[in-house]
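Note sheet for the following structure.
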Amino acid sequence: MTTPLRRQYLEIKRRFPQAIVFFRLGDFYETFDQDAELVSRELEIVLTSRPIGKGQRVPLAGIPHHALDGYLAKLIAKGHKVAICEQVSEPALSEAKGRTLMERQVVRVVTPGTIVEGDLLDQRANNYLAALALEDDRVGLAYVDVSTGEFAVAQIDAELLPAELDRLRPAELVLPEGQDPPEGLQTAVSHLETHRFQPEAAAELLLAHFGAASLDAFGCADLPLAVAAAGVVLAYLQDNQQAILPHITRLSTYSTSAFMTLDSQTRRNLELFASIRHAPGTASLLSTIDLTKTSMGARLLRRWLGQPLLDITHINQRQGRVQFFFQSGVRRGQVSALLAKMPDLERLLGRISAGVPSPREVVSLRRGLTLVPALRQAIAGDGGDVGEARELLARLHPCQETAALIEQAIEDEPATGFEEGGVIRAGFSPELDSLRSVARDARQYLADLERRERQQTGIKSLKVGYNKVFGYYIEVSKANLRLVPAHYQRRQTLVGGERFTTPELKEREFQILHARERQEELEATLFRQVCAQVAAEGKRILEAAAAIAEADVFCALAEVAARHGYVRPEVTQDDELVIRDGRHPVVERMLSQGAFVPNDTHLSNQDAQIIVLTGPNMAGKSTYIRQVALIVLLAQMGSFVPAASARIGIVDRIFTRVGALDDIAAGQSTFLVEMLETASILHNATPRSLLLLDEIGRGTSTYDGMAIARAVVEFIHHRPEVAAKTLFATHYHELIDLAALLPRVKNCNVAVSEEEERVVFLHRILPGGADKSYGVHVAQLAGLPRPVIQRAQEVLSELEERRDRLPRHGRPFDKLRAGPREAAVQLSLLHTNHALLEELASLDVDGLTPLQALTKLYELRERARGSTP
8 MTTPLRRQYL
18 EIKRRFPQAI
28 VFFRLGDFYE
38 TFDQDAELVS
48 RELEIVLTSR
58 PIGKGQRVPL
68 AGIPHHALDG
78 YLAKLIAKGH
88 KVAICEQVSE
98 PALSEAKGRT
108 LMERQVVRVV
118 TPGTIVEGDL
128 LDQRANNYLA
138 ALALEDDRVG
148 LAYVDVSTGE
158 FAVAQIDAEL
168 LPAELDRLRP
178 AELVLPEGQD
188 PPEGLQTAVS
198 HLETHRFQPE
208 AAAELLLAHF
218 GAASLDAFGC
228 ADLPLAVAAA
238 GVVLAYLQDN
248 QQAILPHITR
258 LSTYSTSAFM
268 TLDSQTRRNL
278 ELFASIRHAP
288 GTASLLSTID
298 LTKTSMGARL
308 LRRWLGQPLL
318 DITHINQRQG
328 RVQFFFQSGV
338 RRGQVSALLA
348 KMPDLERLLG
358 RISAGVPSPR
368 EVVSLRRGLT
378 LVPALRQAIA
388 GDGGDVGEAR
398 ELLARLHPCQ
408 ETAALIEQAI
418 EDEPATGFEE
428 GGVIRAGFSP
438 ELDSLRSVAR
448 DARQYLADLE
458 RRERQQTGIK
468 SLKVGYNKVF
478 GYYIEVSKAN
488 LRLVPAHYQR
498 RQTLVGGERF
508 TTPELKEREF
518 QILHARERQE
528 ELEATLFRQV
538 CAQVAAEGKR
548 ILEAAAAIAE
558 ADVFCALAEV
568 AARHGYVRPE
578 VTQDDELVIR
588 DGRHPVVERM
598 LSQGAFVPND
608 THLSNQDAQI
618 IVLTGPNMAG
628 KSTYIRQVAL
638 IVLLAQMGSF
648 VPAASARIGI
658 VDRIFTRVGA
668 LDDIAAGQST
678 FLVEMLETAS
688 ILHNATPRSL
698 LLLDEIGRGT
708 STYDGMAIAR
718 AVVEFIHHRP
728 EVAAKTLFAT
738 HYHELIDLAA
748 LLPRVKNCNV
758 AVSEEEERVV
768 FLHRILPGGA
778 DKSYGVHVAQ
788 LAGLPRPVIQ
798 RAQEVLSELE
808 ERRDRLPRHG
818 RPFDKLRAGP
828 REAAVQLSLL
838 HTNHALLEEL
848 ASLDVDGLTP
858 LQALTKLYEL
868 RERARGSTP
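Residue numbers for the sequence shown follow our numbering, so the first one is 8 and each next one is one higher.
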């Protein structure tokens, strides 16, 4: 037969089979059975056992209650769910056994996506719980950060889902039962019953939560899949973290069509959030521009960087607010100083709403709110025109009533727990003050009792003390036991003496302990009441927090611009991209001041759609094409840009095909990965897109690679539905002759200086194509052994000499410079099969006009294709 405690545990575990149950027993959280074995293994703590009945024992592993957060972090990081089961009542008499049994219940289930503990979260990044509702080629996507209250929903095409999930990086994803997560997604996955994904039930849940009559106000009434996903998020929170629901006060519906699309390759290749080569938190675009002072601002900046805007009005609005702070260094300094003191209001409010704040966290919230009036004054200045900041100030609510309530109720330096007392300020509750008076009188009584007993017994070392097991006692050493009065009652025997009590002490003990327990209980109750009142003002506090975050971002971007010479770009609806003296925002910061070489860029769908960029390795081609993309991205997120001037035609998507990376796990070679990424770009690019293509075709043979590279350029140039602005960096110098055939292709090269057989990279982008690769020189700079360099030079000389001895028609890939006729001969070879090479090589084009030569070449190409020219 099992014990009442065991039956209580089994009933709770039955309701939470998928979670590890942390079962509160006194000062410990205990786990049992398979949970104990798992916890012992994952946390590397001792596995023991506990009796549950006659001759029966079960596995047991426990942790101290005060160490919960540290152990919880380890389990959550490994993808586990933990149900926190607390003692929620005083001991009550069990009818069955006549023994005391506390009432216990699960107060929350902590999962990777429902964390509110500050120590478990990255303070400068969001922690999202997401849900998907899928139907054919459409997807409803909802996500929430329970720690901040952000709740958003969208209904998108299925093909856009990978990019959105890569942007959000959810900590946990909720799917219907039996549904597998999207391929390649590495996150914790939870499942709910399929019927909970029905739009009708989800709509009812949303309306009930927000107290609304219609979803029209939220913008999702006509988006059934979006509604289904949002309802699932709420249902999941109801099941696992119900206390946090009051913190979810708003729902925003967004469309991916309002933002620039950035797929995972582009985010990685542009190193937006993490550097590929450098230590985490360094050498990324985010780390370069993040001068925010608050966690709220840091999270907002990360979101904006991941979602550049497409609406010019909104872009200009953001730029105007950056300009507002940029114009006044004094204003920036004052605002930054105040923001540096600002706590994380969003997450503090989240913990208060969830019912798990410490007293010191509530005080921290109050201190943050008391900074708001000074922050408003610093932003507004001396009463002049606040211009672009007017709307920001309107949302920056002082919340003075809430701050005053906390100040009246909570001590400035409160105790960490209620058992210590000292949380509620004196004067806030007359009843609590009375109980504290009893406690103070008790301390005086005990001091007087100790003095009186010493005098009456003659025992100078007599002490009055207290412990939780025996209560209050009088302690006498062994040497003085003969002096103990007859009315003393023995309570405990020690090695060095005895502990006693008296009828008087027993009676006073009851009064003191009852007052102490009542004081602790009342203090906790008052604290919860204050927290509930604060949470009731959550909407206004969150609005103020959002305004503070925006002010932080605008101020930070203005500071970056002021420090590093950024300018406000002009963002337009035309199809031109004109940058004067553009710089790579990350690379220039890694060099000494003034060392970075700025460069111009001109791209236009009308006359300069594609730039073929040639030059040796290490000359700066990749840096240049990336800097153009980063300047565009910064401009459309609302920032100033590193350039002397910039005019940016709106870009709907940035594509990148750079670097070489095998996908060994998927069995994909470098070349296959390159082709897959290139295919995706060509299928999805539009005339509004910006393409960065670096070394297309280098993963295969020279001729194959050159053929593919040219075919890609032609495809982008000829197809009006693609026709994207393109930076095409290549080592295939033969491709520079495309500029003679394709009107919107322009050549540029990275300048190189040769000085006494040394190569100096000037990092300057110049018009025209390069005619040498300088590969051996680069190998020398890389430190290859001298014999290897010498032998490479010999082989190169032999190959060049052999090529020069061939008749012109026998060297089809030589870079002919005589004119369009020779260029046509060379480039047409890329469209023929091997059987036509001999005929093409012997083709007599002497005396023909370029147009006549080109016509003959196209006839050959069409024959190769098996069609009529």
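Note that beta-carbon positions come from the ideal geometry of N, C-alpha and C, so glycine has one too.
task = Determine the closest residue to Ser335 out of Arg309, Ala361 and Val393, with distance taken between C-alpha atoms.
result = Nearest of Arg309, Ala361 and Val393 to Ser335, Cα basis: Val393.
query = Would you call the CB atoms of Asp659 and Leu317 closer than 8 Å?
reply = yes
inquiry  = Rounded to the nearest angstrom, what separates Pro827 and Pro576 at their Cα positions?
reply    = Because Pro827 sits at a pLDDT of 40, beneath the cut-off of 50, its placement in the model cannot be relied upon, and the point is left open.
For Tyr473, the three-state DSSP class (helix, strand or coil) = strand
request  = Please report the Cβ distance between Pro189 and Leu172, rounded to the nearest whole angstrom; I am assuming they are in contact, meaning their Cβ atoms lie under 8 Å.
outcome  = 6 Å
Leu355, enclosing alpha helix (DSSP H) - first and last residue = Leu352 to Ala361
ask   = To which residues of the same chain is Arg765 closer than 6 Å at the C-beta, ignoring the five residues directly before and after it?
value = none
query = Taking C-beta to C-beta, are Leu82 and Leu139 nearer than 8 Å?
reply = no
inquiry  = Please state whether the Cβ-Cβ distance between Met713 and Glu681 is less than 8 Å.
reply    = no
query = Relative to the C-alpha of Val2, which residue among Cys755, Gly147, Trp311 and Leu352 is closest?
reply = Residue 2 lies beyond the stretch modelled for the chain, which goes from 8 to 876, so this question has no answer here.
request  = Check whether the Cβ atoms of Glu37 and Leu75 sit closer than 8 Å, and answer yes or no.
outcome  = 8 Å or more divides the Cβ of Glu37 from the Cβ of Leu75.
Start and end residues, beta strand (DSSP E) containing Ser652 = Ser652 to Gly656
inquiry  = Only counting the same chain, and skipping five residues up and downstream in sequence, which positions put a Cβ closer than 6 Å to that of Asp270?
reply    = Ala170
message = Within a Cβ cutoff of 7 Å, which residues of the same chain sit near Val123, ignoring the five residues on either side of it in sequence?
response = Val153, Ser154, Ile251, Gly357, Arg358, Ala361 and Val363
request  = Give the DSSP bridge partners of Glu142, in chain order.
outcome  = Arg145
ask   = Quick one: Cα of Ala265 to Cα of Ala653, how far?
value = 22 Å
inquiry  = One question on the structure: do Leu5 and Tyr150 come within less than 8 Å of each other, judged by their Cβ atoms?
reply    = Lying outside 8 to 876, the shown extent of the chain, residue 5 is not represented and no answer is given.
message = Using only CA atoms, which one of Val95, Thr121, Gln130 and Gly125 lies nearest to Val113?
response = Val95
request  = Determine the DSSP secondary structure at Arg284, reduced to helix, strand or coil.
outcome  = coil
ask   = With a CB to CB cut of under 7 Å and the five nearest residues on each side skipped, what residues in its chain are close to Ser294?
value = Hits under 7 Å: Gly288.
message = Looking only at its chain, what residues have a beta carbon closer than 8 Å to the beta carbon of Asp581, apart from the 5 residues adjacent to it on each side?
response = Gly656
task = With a threshold of 16 other CB atoms inside 10 Å of the CB of Lys300, please say whether the residue is buried or exposed.
result = Its Cβ being crowded by 16 or more others within 10 Å, Lys300 is buried.
message = Which of the three DSSP states is assigned to Pro24 in this structure?
response = coil
task = Would you tell me roughly how many angstroms separate the C-alpha atoms of Ala636 and Gln616, rounded to the nearest one?
result = If you take the alpha carbons of Ala636 and Gln616, they lie about 15 Å apart.
task = May I have the straight-line CA-CA distance separating Leu108 from Gly60, to the nearest angstrom?
result = Distance between the alpha carbons of Leu108 and Gly60: 16 Å.
request  = Pick out whichever of Phe517, Thr464, Leu598 and Ile723 has its Cα sitting closest to the Cα of Tyr473.
outcome  = The residue from Phe517, Thr464, Leu598 and Ile723 with its alpha-carbon nearest to that of Tyr473 is Phe517.
request  = Give the single residue among Ser221, Leu490, Pro794 and Val795 whose Cα lies nearest to the Cα of Gln462.
outcome  = Leu490
Run of the alpha helix (DSSP H) containing Asp711, from where it starts to where it stops = Thr709 to His725
ask   = Between which two residues does the beta strand (DSSP E) containing Asn606 stretch?
value = Start and end: Asn606 to Ser611.
key: Selected residue, minimal CA-CA separation from Arg498, among Glu482, Phe23 and Arg111   = Glu482
request  = Could you pull out every residue in the same chain whose Cβ sits closer than 6 Å to the Cβ of Pro183, ignoring the five residues on either side in sequence?
outcome  = Thr201 and Phe204
request  = Round the Cβ separation of Thr737 and Thr273 to the nearest angstrom and send it over; I've been treating them as touching at under 8 Å.
outcome  = Contact flag wrong, Cβ pair sits at about 20 Å.
query = How would you label Ile519, buried or exposed, when you count the other beta carbons within 10 angstroms and need 16 or more for buried?
reply = buried
query = If you draw a straight line from the C-alpha of Thr621 to the C-alpha of Arg717, how long is it?
reply = 14 Å
ask   = Using the rule of at least 16 other Cβ atoms within 10 Å of the residue's Cβ for burial, across every protein chain shown, is Ile283 buried or exposed?
value = With a 10 Å radius around the Cβ and a threshold of 16 neighbouring Cβ atoms, Ile283 comes out exposed.
Same chain, Cβ closer than 8 Å to Leu501, neighbours up to 5 away in sequence not counted = Glu482
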